[in-house]
Structures are given as C-alpha cells and as structure tokens.
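>
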Amino acid sequence: MSAYLVVDITVHDSEMYREYVSKAPPFIEKHDGIYRVRGGEVETQEGEWRPQRLVVVEFPTREKAKAFLNDPGYQAVAAIRHQAATTNMVLADGWPVG
C-alpha cells in the first residue's frame, strides 16, 4: 500500500532552502518516491491551516518512506532544511487499491 509524506514548510532562509531543494530529489528517487505536490499555490478551503509551502511525496510502501527519511545521505541534506525552514511532517497510508 502506498504511503504519503505530507510536509508543511515555512521557509526562513530562501537561499539555503534552494540548496535543500536541489539536493533532496535524488534521495526521493532512490527510495522510489514520486513528488505529487511540490510547492505551488495552496488555498485553504476550511479551518485555519495556512501552509506557506506544501509538499506531498508518494512512496510505494511505508517502509520505503521510512528508509528515505532514515537514509544517512538524506539526513545530511535534511539538516540543511532544518536550518532553512520550520517543518511539520506526517506519514500517512494511502487507500488500498482493489
């Protein structure tokens, strides 16, 4: 079953965040992840949630998503994001097909 990383990002240092954005995709691809949402306009339809930047990455399984998050190479890249932005992230299971 697919799993989705849903990430709400508030960028504080645009230049440093661009560095993160340039380095993260190879690790997502390494773990068979696919960007489904990557920035773009976000329009709140209900409630108070107003993300500045929203990213959704689909992985084929929860295990692949966790392997991505725990990849030592990605951890070094994630450290850049931690300096450049405030992030809220959840891992959610997709709906089973069939």
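Residue numbers (the working numbering): 34 to 131. From the three backbone atoms N, C-alpha and C, an ideal C-beta is built for every residue, glycine too. In this text the structure is predicted, and so the values were computed from the model without any measurement.
#1: Nearest-angstrom Cα distance between Pro59 and Tyr50?
#2: Is the region 111-127 close to the region 64-77, with three or more CB pairs under 8 angstroms?
#3: Can you tell me whether Val88 is buried or exposed? The criterion is at least 16 other CB atoms within 10 Å of its CB, across all chains shown.
#4: Tell me the DSSP bridge mates of Met122?
#5: Does the beta-carbon of Val75 have 16 or more other beta-carbons within 10 angstroms, so that it is buried, or is it exposed?
#6: How would you label Ala125, buried or exposed, when you count the other beta carbons within 10 angstroms and need 16 or more for buried?
#7: Exposed or buried, Ala109, counting other C-beta atoms within 10 Å across all chains shown (16 or more means buried)?
#8: Would you mind sorting Val90 into buried or exposed? The rule is 16 or more other CB atoms within 10 Å of its CB.
Inspection of the coordinates gives the following:
#1: 16 angstroms
#2: no
#3: So Val88 ends up on the buried side.
#4: Val40
#5: exposed
#6: exposed
#7: exposed
#8: buried
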